[in-house]
Amino acid sequence: MTKKLQSITSKLPAVVALGLILLLWFGLCESDSIPAYMLPSPVDVVSALIHDFSIIMMHARITLQEAFYGLMIGIALAFVTATLMDHFLILNQALYPIMIITQTIPTIAIAPVLVLWMGFGMAPKITLVVITTFFPITVGLLDGYKSVDRDSIDLMRAIGASRLQIFGHVKVPAAMPHFFAGLKISASYAVVGAVISEWLGGFNGLGVYMTRVKKAYAFDKMFAVIIFIVVISLLLMMVVNMIRRVSMPWIAAEKREEKK
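For reference, each letter of the sequence shown is one residue, going -16 to 243 in the working numbering.
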């Protein structure tokens, strides 16, 4: 009972803050302080979301496919790159500055080039998601590999463990918390990256839908899509947390021991 009460009270400030934002939004719209074409009422936004839900879901299926494929490729590339950079110092010194430089380029500037090179299909969208999600996961894994206790590695070597065994039994478990921290960020970036790439060309997807309703000045529908994207991103982060708990049961066990 006490744990449930603590869980509820810890979420209370966020709920109150969100409620105050909604009340302020509703008050501004009702008082006509801001024109409706600039800021539609939350009631109109919810109504548009309900009315166009089937259309939004149809477009969301395409966007989520692009985000999922890009995220999976990004995870695989990040794992390979981080592992190689951890094993070879010269590779780390060569690639890390390049990775930093790629993150200084706005995604909105990369998207037109990718569309020009790859056309209006899924390829440029997936590529942009890979570029967006690759960096946080790679950096997380690198930090995780570096956080390994040297005594643990020395102990494994003393009992005759190979480099592969040390990697699998010591480095990978140590890197998991950092990996999931990066994955949580990348999961939300994946959807946003896919939507941004769809703004600049495509036939279906939430970004395409947003472009169409913007041109029709249906800003209530545009806000509805924004809220839908926020909800999807939050759900993806929750899924990552669930996978983290299942993949790392020892973390929960350590927390229970600390509470005792």
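We put the CB at the ideal spot given by N, CA and C, even for glycine.
Beta-carbon spacing of residue i, residue j below 8 Å
| i | j | result |
| --- | --- | --- |
| residue 120 | residue 180 | no |
| residue 8 | residue 25 | yes |
| residue 47 | residue 116 | no |
| residue 172 | residue 42 | no |
| residue 67 | residue 60 | no |
| residue 113 | residue 57 | yes |
| residue 190 | residue 178 | yes |
| residue 136 | residue 153 | yes |
| residue 231 | residue 159 | yes |
| residue 205 | residue 213 | no |
| residue 244 | residue 125 | What the structure shows of the chain is the stretch from -16 to 243, and residue 244 is not part of that stretch, so it cannot be assessed. |
Spatial distance of residue i from residue j (CA atoms)
| i | j | result |
| --- | --- | --- |
| residue 281 | residue 33 | What the structure shows of the chain is the stretch from -16 to 243, and residue 281 is not part of that stretch, so it cannot be assessed. |
| residue 163 | residue 216 | 15 Å |
| residue 220 | residue 123 | 16 Å |
| residue 40 | residue 229 | 29 Å |
| residue 244 | residue 99 | Look at the range of the chain in this structure, -16 to 243, and you will see that residue 244 is not part of it. |
| residue 37 | residue 157 | 43 Å |
| residue 78 | residue 150 | 21 Å |
| residue 5 | residue 210 | 12 Å |
| residue 50 | residue 227 | 20 Å |
| residue 11 | residue 128 | 50 Å |
| residue 148 | residue 80 | 30 Å |
| residue 111 | residue 174 | 11 Å |
| residue 76 | residue 138 | 28 Å |
| residue 52 | residue 22 | 34 Å |
| residue 35 | residue 218 | 20 Å |
| residue 167 | residue 130 | 19 Å |
| residue 90 | residue 176 | 7 Å |
| residue 13 | residue 20 | 13 Å |
| residue 72 | residue -2 | 47 Å |
| residue 63 | residue 45 | 27 Å |
| residue 0 | residue 194 | 30 Å |
Buried versus exposed call for residue i [16 or more other C-beta atoms within 10 Å across all chains shown]
| i | result |
| --- | --- |
| residue 108 | buried |
| residue 69 | buried |
| residue 203 | buried |
| residue 161 | buried |
| residue 2 | exposed |
| residue 132 | exposed |
| residue 94 | buried |
| residue 118 | buried |
| residue 102 | exposed |
| residue 222 | exposed |
| residue 18 | exposed |
| residue 134 | exposed |
| residue 88 | exposed |
| residue 15 | exposed |
Neighbour flag for residue i against chain B, beta carbons, 8 Å
| i | result |
| --- | --- |
| residue 101 | Chain labels in this structure do not include chain B; a single protein chain is all it has. |
Rounded Cβ spacing between residue i and residue j (contact assumed at less than 8 Å)
| i | j | result |
| --- | --- | --- |
| residue 28 | residue 207 | 5 Å |
heavy atom of the ligand FMN below 7 Å from residue i C-beta
| i | result |
| --- | --- |
| residue 87 | Questions concerning the ligand FMN fall outside what the structure shown contains, since it holds no ligand whatsoever. |
**Prompt:** Any chance the region 185 to 203 sits against the region 102 to 116, with 3 or more Cβ pairs inside 8 Å?
**Reply:** The region 102 to 116 and the region 185 to 203 touch, with three or more beta-carbon pairs separated by less than 8 Å.
**Prompt:** Would you say the region 82 to 89 touches the region 134 to 143, given that touching needs at least three Cβ pairs under 8 Å?
**Reply:** Verdict: no, contact absent.
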